[in-house]
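Protein chains in written order, with the numbering used here: chain E, 133 to 554; chain L, 212 to 451.
Here you go:
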């Protein structure tokens with residue numbers, strides 16, 4: 133056998149190994165507390181280099197080895213262990229996750245690292261939590277008021293609007309979701325399909341299949357759902373899920389790259405620079421970010437408090453700031469893992485409904501800016517303005533205002549109004 | 212001139228390494244490769260034999276970049292001296308737009324050890340996204356001809372599973388070379404080349420296997436001294 137034949141045999145074998153994924157590193161589900169820091173290195177723009185052949189792309193570009201070498205130098209210098217990395221070209225960085233030993237205080241470490249000129253930025257890995265009620269009995273409470281979906285769906289169903297649900301795992305073969313998830317990715321670990329409560333419930337509220345004789349109808353039953361798993365179900369507390377800066381950032385990068393028009397973040401946590409930068413990029417590219425607001429925190433917490441984000445809380449929250457939109461948040465029927473349905477409640481699910489409604493509005497008027505959508509969602513019934521909080525969202529009025537015609541029995545045919553709440 | 216191209220390569224590499232060491236904001240990276248057949252724009256530059264290659268690139272935080280690439284070659288241009296080594300020095304400026312598209316403009320210079328008649332410079336502009344890029348090259352004296360050479364290429368990459376990618380390249384070259392009558396070859400004008408392959412990234416190694424084709428097999432006879440059949444090529448690259 134000639135050397136050339138041997139080389140090709142070796143090449144084909146190696147390609148086969150790569151195809152079976154034996155070289156991929158599947159990170160374990162992150163722990164509930166983090167000793168990790170995110171180290172951002174500059175990611176140069178793609179450019180000509182004759183030694184890179186004809187294959188482009190950030191993940192495979194030859195320069196990635198150079199950045200890996202820098203990361204290894206940094207890890208050795210600061211006594212860290214490299215856990216993972218992810219290119220984020222929308223920010224011009226590649227993000228390395230590095231783990232610090234238990235005896236190394238994180239804040240002084242971050243301050244020292246920020247002085248290293250090779251590092252674009254560095255921060256701690258923050259943890260975020262989904263904003264839903266944990267109490268199992270809460271799901272047994274009476275059904276909440278719903279919007280007039282059947283009437284809204286006569287004019288819009290969210291057709292072809294890409295909605296990214298960045299959440300825990302979604303049960304892809306649930307009878308009400310089967311075929312409804314246009315695209316799913318797992319940014320937490322290497323598993324293919326993970327069915328978790330919070331993500332499955334949020335996906336169902338946004339886009340469960342209509343007219344299939346089972347279950348519920350999603351607010352936007354024809355939207356293109358992207359199920360992006362960035363959170364993992366917390367074993368303590370039924371349904372609650374935890375996400376990290378890194379997993380959220382990866383999912384946001386993916387949603388931006390894949391043209392999500394609506395990005396739902398039914399979660400909250402501490403202010404996070406990396407997530408904030410990615411949200412800003414998403415907004416600048418025309419995405420509408422819907423985030424659940426934590427009513428216990430001023431301005432709803434992070435990321436709901438960001439100026440370009442639609443912050444949503446459940447309508448049973450008292451004294452919510454005007455900047456927060458209110459939507460039905462109690463006893464919402466939705467899909468649950470195990471091919472079940474059940475009632476859920478909390479700001480998470482209020483946000484999911486608004487995400488679906490935004491998809492309907494984009495379906496009706498694709499060229500609306502996020503600011504126009506915000507104004508459209510403001511309470512649009514002057515007659516009721518004196519008797520109801522201004523930030524309670526009226527879906528019929530929003531649709532009527534968008535189309536400038538009848539919706540929900542022509543109650544808001546003129547669609548006039550309203551002062552923006554932000 | 213025999214060793215000048217080699218010296219140019221190592222000098223360029225040393226300068227790049229020094230430049231990278233001077234600036235903590237900069238990044239440099241390199242590759243070492245073995246290929247079963249070095250194809251340059253579809254044409255075999257190694258007489259369908261294995262070739263060894265190395266490259267070094269410097270990326271400045273300003274967007275400026277520079278690099279040097281060297282490869283063993285087997286060029287036997289008719290009526291001229293043979294060459295066994297090619298050096299490409301290149302540089303330019305790249306910027307990433309808010310949309311995520313990278314734009315670039317730059318130039319490169321190819322030098323051939325022992326056959327400086329083939330040396331040529333060209334300028335290029337390009338645009339790249341994660342999975343697609345396109346470039347247009349313009350050379351006033353393409354491989355030493357009196358003709359302006361224009362080359363355009365489009366490259367696409369499609370991730371398949373995990374670290375395996377499918378890539379596709381199509382290129383179009385337009386220049387003119389009038390062969391002496393004794394060769395009986397028609398003037399070269401338009402040449403298409405294509406490459407389709409699979410690439411696996413395994414840690415710091417990249418393995419590629421591809422089919423390469425060109426529509427005019429004698430198009431580069433005046434450079435290589437031989438015709439180029441279509442065929443399968445493979446490459447193993449180590450990145451650092």
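Backbone N, C-alpha and C define an ideal beta-carbon position, used for all residues, glycine too.
Classification of residue i by the beta-carbon crowding that lies within 10 angstroms, buried from 16 upward
i, result
"residue 310 (chain L)", "exposed"
"residue 422 (chain L)", "exposed"
"residue 239 (chain E)", "exposed"
"residue 316 (chain E)", "buried"
"residue 472 (chain E)", "exposed"
"residue 200 (chain E)", "buried"
"residue 429 (chain E)", "exposed"
"residue 426 (chain L)", "exposed"
"residue 393 (chain E)", "buried"
"residue 243 (chain E)", "exposed"
"residue 345 (chain E)", "exposed"
"residue 357 (chain L)", "exposed"
"residue 372 (chain L)", "exposed"
"residue 249 (chain E)", "exposed"
"residue 309 (chain E)", "buried"
"residue 168 (chain E)", "buried"
"residue 325 (chain E)", "exposed"
"residue 530 (chain E)", "buried"
"residue 382 (chain E)", "buried"
"residue 209 (chain E)", "exposed"
Cutoff 7 Å: residue i Cβ touching any chain E Cβ
i, result
"residue 415 (chain L)", "yes"
"residue 359 (chain L)", "no"
"residue 327 (chain L)", "no"
"residue 461 (chain L)", "Outside the shown range of chain L (212 to 451) lies residue 461 (chain L), about which nothing can therefore be said."
"residue 369 (chain L)", "no"
"residue 243 (chain L)", "no"
"residue 439 (chain L)", "no"
"residue 238 (chain L)", "yes"
"residue 311 (chain L)", "yes"
"residue 269 (chain L)", "no"
"residue 362 (chain L)", "no"
"residue 450 (chain L)", "yes"
Start and end residues, beta strand (DSSP E) containing residue i
i, result
"residue 387 (chain E)", "Run containing residue 387 (chain E): none in the beta strand (DSSP E); it sits in the alpha helix (DSSP H), 377–389."
"residue 439 (chain L)", "Here residue 439 (chain L) belongs to no beta strand (DSSP E), and DSSP marks it neither H nor E."
"residue 263 (chain L)", "262–270"
"residue 174 (chain E)", "168–174"
"residue 319 (chain L)", "313–323"
"residue 333 (chain L)", "331–339"
"residue 429 (chain E)", "Looking at the DSSP string, residue 429 (chain E) is not in any beta strand (DSSP E), and its letter there is neither H nor E."
"residue 279 (chain L)", "275–286"
"residue 243 (chain L)", "238–246"
"residue 343 (chain L)", "343–350"
"residue 397 (chain E)", "394–397"
Within-7 Å CB hit, residue i to chain L
i, result
"residue 176 (chain E)", "yes"
"residue 181 (chain E)", "yes"
"residue 155 (chain E)", "Because the pLDDT of residue 155 (chain E) is 31, which lies under 50, any placement of that residue in the model is unreliable, and the number read from its coordinates should be weighed accordingly. Cβ-Cβ to chain L under 7 Å: yes for residue 155 (chain E)."
"residue 336 (chain E)", "no"
"residue 197 (chain E)", "yes"
"residue 276 (chain E)", "Because the pLDDT of residue 276 (chain E) is 36, which lies under 50, any placement of that residue in the model is unreliable, and the number read from its coordinates should be weighed accordingly. For residue 276 (chain E), the answer is no, since every Cβ of chain L falls outside 7 Å of its Cβ."
"residue 535 (chain E)", "no"
Closer than 6 Å: residue i CB and nearest the ligand SAH heavy atom
i, result
"residue 264 (chain L)", "With respect to the ligand SAH, the structure shown offers nothing to examine, as it has no ligands at all."
Boundaries of the alpha helix (DSSP H) in which residue i is found, first to last residue
i, result
"residue 506 (chain E)", "502–509"
"residue 119 (chain E)", "Residue 119 (chain E) lies beyond the range of chain E shown here (133 to 554); nothing can be said about it."
"residue 530 (chain E)", "527–535"
"residue 331 (chain E)", "329–339"
Proximal residues of chain A, C-beta to C-beta of residue i below 9 Å
i, result
"residue 224 (chain E)", "In summary, chain A is missing from the structure at hand, where the protein chains are E and L."
Curious, which full-length beta strand (DSSP E) runs of at least 3 residues does the region 402–433 of chain L contain? 416–425
At 3 residues or longer, what runs of the beta strand (DSSP E) sit wholly inside the region 286–326 of chain E? 294–299, 313–318
At a Cβ cut of 8 Å, what residues of the region 295–320 of chain E count as close to chain L, listed as they run along the chain? Residues of the region 295–320 of chain E whose Cβ lies closer than 8 Å to any Cβ of chain L: none.
What runs of the alpha helix (DSSP H), each 4 residues or longer, lie entirely inside the region 357–386 of chain L? none
Jot down the residue ranges of each uninterrupted beta strand (DSSP E) in the region 433–491 of chain E, minimum 3 residues, whole runs only, in chain order. Fully contained in the region 433–491 of chain E are the following beta strand (DSSP E) runs of length 3 or more, in chain order: 441–446, 457–459, 464–468, 472–476.
Output, in sequence order along the chain, the residues in the region 347–373 of chain E whose CB is closer than 7 Å to any CB in chain L. none
By the 9 Å beta-carbon criterion, what residues does the region 290–301 of chain L contribute toward chain E? Hits within the stretch, in order: 299, 301.
Residues of the region 328–356 of chain L with Cβ closer than 7 Å to any Cβ of chain E, in chain order: Here the close residues are 335, 337, 339, 341, 342, 344, 346.
Unbroken beta strand (DSSP E) runs of length 3 or more, entirely within the region 198–274 of chain E: which are they? 213–220, 225–231, 253–256, 259–262
Closer than 9 Å between beta carbons: that is the criterion. Which residues of the region 403–418 of chain E meet it against chain L? Residues 413, 416, 417.
Output needed in chain order: residues of the region 199–232 of chain E with a Cβ under 8 Å from some Cβ in chain L. Using a CB distance below 8 Å, the part of the region 199–232 of chain E facing chain L consists of 199, 200, 201, 202, 221, 222, 224, ordered along the chain.
Interface positions of the region 252–283 of chain L facing chain E (Cβ-Cβ less than 7 Å), listed along the chain: 264, 266, 268, 270, 272, 274, 276, 278, 280
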